[in-house]
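Working notes for the structure below.
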Amino acid sequence: MESEPFWNIEEARSGETTRELGSSPARCRSKATDGTLAAGILGIYLTIITDRRLLEMKLKERSRALEEANLKLLAARTNWCRREMASIGQLAAGVAIDIPIPDS
């Protein structure tokens with residue numbers, strides 16, 4: 000399946016071109032009949048920049064959430080390790096009491 004070219008010269012000459020870029024359609028309107036769409040290309044460039052900034056903000060937000068989750072997991076692991084070590088200590092103390100100490 001052959002994809003259509005990003006810009007169609009006939010559409011450009013008609014004065015309106017619409018293409019999907021990222022999450023939103025980019026529409027270019029131009030009164031030029033020679034196919035130049037400088038203003039439209041600038042509009043698409045701004046759309047790309049806007050989409051990129053939105054994605055960067057979402058990425059930062061997601062990274063922050065993952066860092067918080069990682070800190071919670073680390074704290075939970077530390078608490079679990081302390082509880083396990085305390086249990087081992089109690090077990091060792093119980094076993095030590097049952098071991099007879101020889102008289103000298």
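For the sequence shown, numbering that gives the first Met the number 0 assigns the number 0 to the initial residue and increments by one for each residue that follows. Using N, Cα and C, we set each Cβ at its ideal position, and we do this for glycine too.
Cβ neighbour criterion (16 or more within 10 Å) applied to residue i
i      : result
Ile-43 : buried
C-alpha distance - residue i paired with residue j, whole-angstrom precision
i      : j      : result
Cys-80 : Leu-70 : 15 Å
Ile-47 : Leu-58 : 16 Å
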